[in-house]
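Okay, so here's the structure we're looking at.
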Amino acid sequence: MSNILESLTSLFERDIDVLLKELKAYKKEENLWLVDGDITNCGGNLVLHLCGNLRHFVGAILGGTSYIRQRDDEFALKDVKKSELVSQIKETKKAVLETLKELPESKLDEIYPVNVFGKEMTTFFFLQHLHSHLTYHLGQLNYHRRLFDK
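For the sequence shown, the positions run 640 to 789 when the working numbering is used.
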């Protein structure tokens with residue numbers, strides 16, 4: 640594995656572990672699903688969204704897993720058990736780490752197989768984007784937990 644892939648793998652592993660830690664830090668399970676006013680992304684839906692996003696774009700597209708994304712459900716589902724969310728995070732971590740472990744370094748410079756933003760981008764660029772997307776929503780999850788789970 641190249642230094643670049645090792646770095647990406649390390650960052651994804653670290654921050655998926657943070658996702659699990661943030662989820663487990665909720666004292667009351669029902670608080671995962673609270674929203675108020677302009678805060679419309681609840682903790683539970685953020686977890687579902689991050690898992691769906693990574694399992695689709697890394698696991699299924701790059702790794703060839705059989706995962707089929709249901710993006711609308713990532714925001715529509717409510718009251719999913721915390722234990723189920725934990726399982727989804729663990730499956731996400733497994734899919735991402737196994738995919739990156741098997742990904743040939745040469746793939747990083749190739750065009751990502753799906754045109755996501757209306758323009759071509761390299762796989763390396765898109766993996767960086769996916770990591771920044773993960774950390775962006777981790778911040779939202781942390782804020783949601785501190786605001787609603789007192």
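Virtual Cβ for every residue (Gly too), placed ideally from N, Cα, C.
- Residue environment analysis places Tyr-775 among the exposed positions, since fewer than 16 neighbouring C-beta atoms fall within 10 angstroms of its C-beta.
- Per DSSP, reduced to three states, the secondary structure at Ile-655 is helical.
- Residues Cys-681 and Phe-787 of the same chain have their beta carbon placed closer than 7 angstroms to that of Leu-673, with the five preceding and five following residues left out of the count.
- Of the candidates Ile-700, Glu-723 and Leu-739, the residue whose Cα lies closest to the Cα of Phe-651 is Leu-739.
- Listed as beta-bridge partners of Ile-678 by DSSP are Asp-675.
- Look at the region 718 to 786 and you find these whole runs of alpha helix (DSSP H), each 4 residues long or longer: 721 to 741.
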